[in-house]
Amino acid sequence: MTSAVADRRGRAARRSGGPARIAAARSRLADGKILGKRFTWVVLAGYIAAIIVVGFGVRFSAQPFLDQMQREAMTERAAARAREIDARIAEVVETILHLKSDESISRLVLGFDRVTYKAEDVLAELDGQKHVRHAILDYKGTPILRSPGFMLRESKAAFSAIEFYSAARLLSVERPLAEAVRLRMSDDDGMAHLLVVLPIASRGLVEGVLIVERVIELPTVASVGLTAPFSDSDWVVMSNFQLGMIGQWRDLSTSPIHARIGDTGYSLVRLANHEEIATLGWDLVQSVLFVVVWGMAVPFLGMVVFGRGVISKPYEALAASRQKLARSQKEVAELAQIATMSHEAILVTDRDQRIIWHNPAFSVLTGYAEEEALGRHPGRLLQGPDTDEETVARLRAAIASARPVREELVNYRRDGKPYWVSLSISPLSGEDGVVDRYVAISSDVTHKKLAERRLEDARRQTEHHALHDALTGLPNRRSVDGLLEAEIGSDDGARTLVRVDLDHFKAVNDTHGHAAGDHVLKHVSDALCAEIHETDFAGRIGGDEFVIALGPGRSAEDGVALAERLQSAIRRDVVFEGKTCRVGASFGVASSEDGLISNRQLLVAADAALYEAKEHGRSQTVLYTPEIHAGVQDKRRLSVEIERGIENEEFVPLFQPQVDAVTERVVGAEVLMRWQHPERGVLTPDQFLPMATRLALVPEIDRIIYRQGLRAAAEMERIGQGLPKISFNVGSAQIEDPVLISVADLYDIESTTVAFEILESVLVEEQSSNFRLQVDRLRDRGYRIEVDDFGSGHASVVGLMQLNPDAMKIDQRLIIPIISSAKTRDLVRHIVGIGRSFGISVTAEGVETAEHAVILRELGCNTLQGFHYARPLNVVELLDMVEERGTIRPGQTGDDPLPAGHSESTA
Ligand code: C2E
Ligand code: CA
Ligand code: CA
Numbered sequence: 002m003t004s005a006v007a008d009r010r011g012r013a014a015r016r017s018g019g020p021a022r023i024a025a026a027r028s029r030l031a032d033g034k035i036l037g038k039r040f041t042w043v044v045l046a047g048y049i050a051a052i053i054v055v056g057f058g059v060r061f062s063a064q065p066f067l068d069q070m071q072r073e074a075m076t077e078r079a080a081a082r083a084r085e086i087d088a089r090i091a092e093v094v095e096t097i098l099h100l101k102s103d104e105s106i107s108r109l110v111l112g113f114d115r116v117t118y119k120a121e122d123v124l125a126e127l128d129g130q131k132h133v134r135h136a137i138l139d140y141k142g143t144p145i146l147r148s149p150g151f152m153l154r155e156s157k158a159a160f161s162a163i164e165f166y167s168a169a170r171l172l173s174v175e176r177p178l179a180e181a182v183r184l185r186m187s188d189d190d191g192m193a194h195l196l197v198v199l200p201i202a203s204r205g206l207v208e209g210v211l212i213v214e215r216v217i218e219l220p221t222v223a224s225v226g227l228t229a230p231f232s233d234s235d236w237v238v239m240s241n242f243q244l245g246m247i248g249q250w251r252d253l254s255t256s257p258i259h260a261r262i263g264d265t266g267y268s269l270v271r272l273a274n275h276e277e278i279a280t281l282g283w284d285l286v287q288s289v290l291f292v293v294v295w296g297m298a299v300p301f302l303g304m305v306v307f308g309r310g311v312i313s314k315p316y317e318a319l320a321a322s323r324q325k326l327a328r329s330q331k332e333v334a335e336l337a338q339i340a341t342m343s344h345e346a347i348l349v350t351d352r353d354q355r356i357i358w359h360n361p362a363f364s365v366l367t368g369y370a371e372e373e374a375l376g377r378h379p380g381r382l383l384q385g386p387d388t389d390e391e392t393v394a395r396l397r398a399a400i401a402s403a404r405p406v407r408e409e410l411v412n413y414r415r416d417g418k419p420y421w422v423s424l425s426i427s428p429l430s431g432e433d434g435v436v437d438r439y440v441a442i443s444s445d446v447t448h449k450k451l452a453e454r455r456l457e458d459a460r461r462q463t464e465h466h467a468l469h470d471a472l473t474g475l476p477n478r479r480s481v482d483g484l485l486e487a488e489i490g491s492d493d494g495a496r497t498l499v500r501v502d503l504d505h506f507k508a509v510n511d512t513h514g515h516a517a518g519d520h521v522l523k524h525v526s527d528a529l530c531a532e533i534h535e536t537d538f539a540g541r542i543g544g545d546e547f548v549i550a551l552g553p554g555r556s557a558e559d560g561v562a563l564a565e566r567l568q569s570a571i572r573r574d575v576v577f578e579g580k581t582c583r584v585g586a587s588f589g590v591a592s593s594e595d596g597l598i599s600n601r602q603l604l605v606a607a608d609a610a611l612y613e614a615k616e617h618g619r620s621q622t623v624l625y626t627p628e629i630h631a632g633v634q635d636k637r638r639l640s641v642e643i644e645r646g647i648e649n650e651e652f653v654p655l656f657q658p659q660v661d662a663v664t665e666r667v668v669g670a671e672v673l674m675r676w677q678h679p680e681r682g683v684l685t686p687d688q689f690l691p692m693a694t695r696l697a698l699v700p701e702i703d704r705i706i707y708r709q710g711l712r713a714a715a716e717m718e719r720i721g722q723g724l725p726k727i728s729f730n731v732g733s734a735q736i737e738d739p740v741l742i743s744v745a746d747l748y749d750i751e752s753t754t755v756a757f758e759i760l761e762s763v764l765v766e767e768q769s770s771n772f773r774l775q776v777d778r779l780r781d782r783g784y785r786i787e788v789d790d791f792g793s794g795h796a797s798v799v800g801l802m803q804l805n806p807d808a809m810k811i812d813q814r815l816i817i818p819i820i821s822s823a824k825t826r827d828l829v830r831h832i833v834g835i836g837r838s839f840g841i842s843v844t845a846e847g848v849e850t851a852e853h854a855v856i857l858r859e860l861g862c863n864t865l866q867g868f869h870y871a872r873p874l875n876v877v878e879l880l881d882m883v884e885e886r887g888t889i890r891p892g893q894t895g896d897d898p899l900p901a902g903h904s905e906s907t908a
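Just so you know, we're using the working numbering here: the sequence shown kicks off at 2 and counts up by one.
Listed below in structure tokens is the structure:
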């Protein structure tokens, strides 16, 4: 970890985990809670203060007013009551006024006609009313008529009324009604009694009075006493005069509440004192306060509850956001510092993608100074011709949709030098959450990109190598197989294929060297490329083997024509380092147009045609025909049959006797295989051996032949006609087969020597140490080793020396012509000479005539084998021959003949 990174991490740790910070944050949040509590207390205090203020306000400002109101209300009530009383009085007065002039009452007063008292009903009616009584008095004041309960104590008043009215009458002055109305303060019931006194006149003289008394049900001043304290409900009736007097002798700060009762000269008075009124005011204050206390409790409680939400909660949020802001400001400052110190180029653009800030690393990377970069569009500033347009489009799309994006692209430095960057762009949003800037971080990945590109190139090259021939650049076997499979195998239309195989190419290599060979191959591949059509393709599928797949629609004829053109092109002299090289080519053409084969079989078919071309003298073009097809089919069938033949042991041995050149006695027999084909009869090796070789089935057939040959030899020995030697043809690989020895042990062979014929070609082949070891072991165990077909190709004397065989068999192709060719004779003589000098017995094969026998005997061959003596024979025929000629051990002379059936050990 670099120190810068460590520092950064340390800071980050302090930022996130410092205990002091946590405490501060906690205290701030606690502040919020305290604020909430304080708020509640403040509201409560406000509530109490409000109640007190309202209380005092009401007490001091509203109370006098309330007192006044109270007074007025009481006064009003008094007035109402007074009116009520007045009305009742008026009612009574009204009722009795019309009795004033009633004659019956006057007559009654005058003393007559008592009976005809008309006003009786009216008066009775009056008396019937509650608290109303009446009386009629004569001029002396004697009651004439008196209703129950009416008291005479008022007679004085009545008389004064009579006097009064009489005087008035005399003076002819109308007296107001008020004069007729008097109040009597009754002692006995304490009530105010109203007296209405009506003078009853006759001929201008007042003869008596009608008095109607009404009880007003109010205490009189006299009854309550003016000195005694008034009770709440003390309404009294007093004369207006009395009322005037009260104000003087009673110490009252305010005048008593009163109301005049009409024109009666009396007033209804309430002598309530000031204290009482103040108490009433206080009650009012109390009830106002009661309403205020409860009425204000609801809104204040609401304030406590909601005020916290509205005031303290936002404060808490504010405190928290301030805290966050402080933190993020610190972070931003740190980030800015990091960005400035960063080795990666960092730039910030505005909404319109103009660079508004970049760090020093940006200048280092791009070569642009701050004043050159600010305000510029980064894309226009840094991108250039090699910048991938698709990548740029992806960047633009991401920016347009405010997505973060990361891409690798080519940028250009100020000096025009291109470089690769890994660029990541992220949108930045402002406080409102709307993206208003972009930050782009880029790091130079040129080295990585170059390495990647080198890797990619290497990979492509490897891939090309894997699929192409390094020398000619043509597709190789692998890719041809793939192409054929993919292009042709799946094509429904007919296609044509040409196989090309150079003739004698090996000779070019051998005589002019591999460089020349390569040169020739290039020449051929150039010819191929020049001659083929655009839709064709050519590939090299082996050392000197090529294949051309013609494009769709091209016929077999086109294939053959192409082969012909190629033939002449390839045949042209190729000069390499001053030496002229010449090669020819064989062509096999196959087409699927006649429906004989499918597209998938084309390569095999072209191969078969090529094989035919090679077989028929090379430098030819052979078209795959129905005949070839039949041959191929035959071969296919043959291969199946060989396998079946092995399984059924259809392979049998024949024996061709070998005779001593001098005595012409039988020295041994070569075992030659035959196939007893169930349908085609006896087949010779040339009919099946090549196929069996190709199928690698020869060793299996050899084993069969080996067993049967040994069995026959054992049988002949058993019947006393044993062969001195029995020879088997074996391949070099079989020599190493341990079965050779073990199988021989199974048969009871004592006097017959087992010999193995190994082809001369083995001598020149690289022999494995195991091969030689095996040969030695075989020889140690008494087996003979003979070299077959000596002189057929190599005649390697060195090989012969190394193998040191017991015998060498001169190829029949050298033997047969000796009659006519002196040259061949000389050759054979030389070979015999070599054999002699190495102490190797010499056998001549293909001894067809007596003449051959004579010459070969003269040339010094030891053993003779050929049709002149016998064709390959079955066991019975062989036994006949042995019996006829007798046997002799190889290497023994004719002077020492062995009678038939008597073999001797060579040991
Ligand atoms: P080879 O080993 O050279 O066998 C001699 C061939 O020459 C035999 O042909 C034989 O029939 C033929 N021959 C013998 N005398 C004369 C003659 O006077 N004139 C002419 N023109 N031919 C003569 P065959 O039996 O057809 O065998 C052909 C080849 O097949 C053999 O050539 C040998 O290479 C191979 N062969 C035969 N039998 C076996 C076998 O059991 N195992 C193996 N691996 N190869 C075998
Ligand atoms: Ca042989
Ligand atoms: Ca031979």
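Idealized CB from N, CA, C, for every residue including glycine.
- Using a cutoff of 7 Å, the CB of D537 does not count as near ligand 3, since none of the ligand's heavy atoms is closer than that.
- By the neighbour-count criterion, in which 16 or more other beta carbons inside 10 Å mark a residue as buried, L244 falls on the buried side.
- Taken through DSSP and simplified to helix, strand or coil, G783 comes out as coil.
- The beta carbon of L860 sits no closer than 7 Å to any heavy atom of ligand 1.
- With fewer than 16 neighbouring CB atoms inside 10 Å of its own CB, V855 falls in the exposed class.
- Ranked by Cα distance from V877, the options V829, A714, G836, I816 are led by A714.
- N730 is bridged by DSSP to E758.
- Under the three-state reduction of DSSP, P679 is assigned to coil, being neither helix nor strand.
- Residue selection by CB proximity (closer than 6 Å to any heavy atom of ligand 3) returns D789, D790, K810, E846 in chain order.
- Spatial neighbours of I702 in its own chain (CB-CB distance under 7 Å, excluding positions within 5 residues in sequence) are listed in chain order as I647, F652, M674, A693.
- Leaving aside the five residues that flank H630 on each side, the residues in its chain whose CB is nearer than 6 Å to its CB run, in chain order, L597.
- In the three-state scheme derived from DSSP, where H, G and I count as helix and E and B as strand, G585 is classed as strand.
- Residue nearest to A346 within the set H831, L211, R572, A441 is A441 (criterion: CA-CA distance).
- Minimum Cα-Cα distance from L804 among the listed residues G669, L429, R780, I811 corresponds to R780.
- Its chain contains Q354, V406, I426, P428, Y439 as the residues whose beta carbon lies nearer than 8 Å to that of I400, once the 5 sequence neighbours on both sides are disregarded; these appear in chain order.
- Counting only residues of its own chain and dropping the five nearest sequence neighbours on each side, I542 has a CB closer than 6 Å to the CB of R478, V481, V548.
- With respect to P806, I841 sits close: the two C-beta atoms are nearer than 8 Å.
- Not a single heavy atom of ligand 1 lies less than 7 Å from the C-beta of V855.
- Three or more beta-carbon pairs separated by less than 8 Å are not found between the region 571 to 581 and the region 597 to 609, which leaves the two stretches without contact.
- With a threshold of 16 other beta carbon atoms within 10 Å, D511 falls short and is exposed.
- Classified as buried, D103 has 16 or more neighbouring CB atoms from the shown chains inside 10 Å of its CB.
- A Cβ-Cβ separation of about 4 Å places R785 in contact with A756 under the 8 Å criterion.
- For A845, the uninterrupted beta strand (DSSP E) segment begins and ends at 842 to 845.
- Looking only at R377, R397, D777, Y369, the smallest Cα-Cα distance to R414 is reached by Y369.
- Contact annotation: E208 and F151 have beta-carbon atoms that are not nearer than 8 Å.
- Not one heavy atom of ligand 2 lies closer than 7 Å to the C-beta of E761.
- Sorting I571, L269, I145, I816 by C-alpha distance to the C-alpha of A81 places L269 at the top.
- For the set I106, I52, I262, the Cα lying nearest the Cα of R78 is the one of I262.
- In terms of side-chain proximity, the C-beta atom of N730 is found nearer than 7 Å to a non-hydrogen atom of ligand 2.
- Residue nearest to F588 within the set R619, H378, P658 is R619 (criterion: CA-CA distance).
- By the C-beta density criterion, R271 is buried, having at least 16 other C-beta atoms within 10 angstroms.
- I145 and V110 do touch by the CB rule: their CB atoms are close to 6 Å apart, below 8 Å.
- In this structure E665 does not touch Q866 by the C-beta definition: roughly 12 Å separates them, more than the 8 Å allowed.
- When DSSP assignments are scanned along the region 617 to 655, the uninterrupted stretches of alpha helix (DSSP H) that are 4 or more residues long and fall wholly within it turn out to be 627 to 648.
- Here the region 527 to 542 lies against the region 558 to 574, with 3 or more beta-carbon pairs under 8 Å apart.
- Taken in chain order, the complete alpha helix (DSSP H) segments of 4 or more residues contained in the region 442 to 496 are 447 to 468, 478 to 484.
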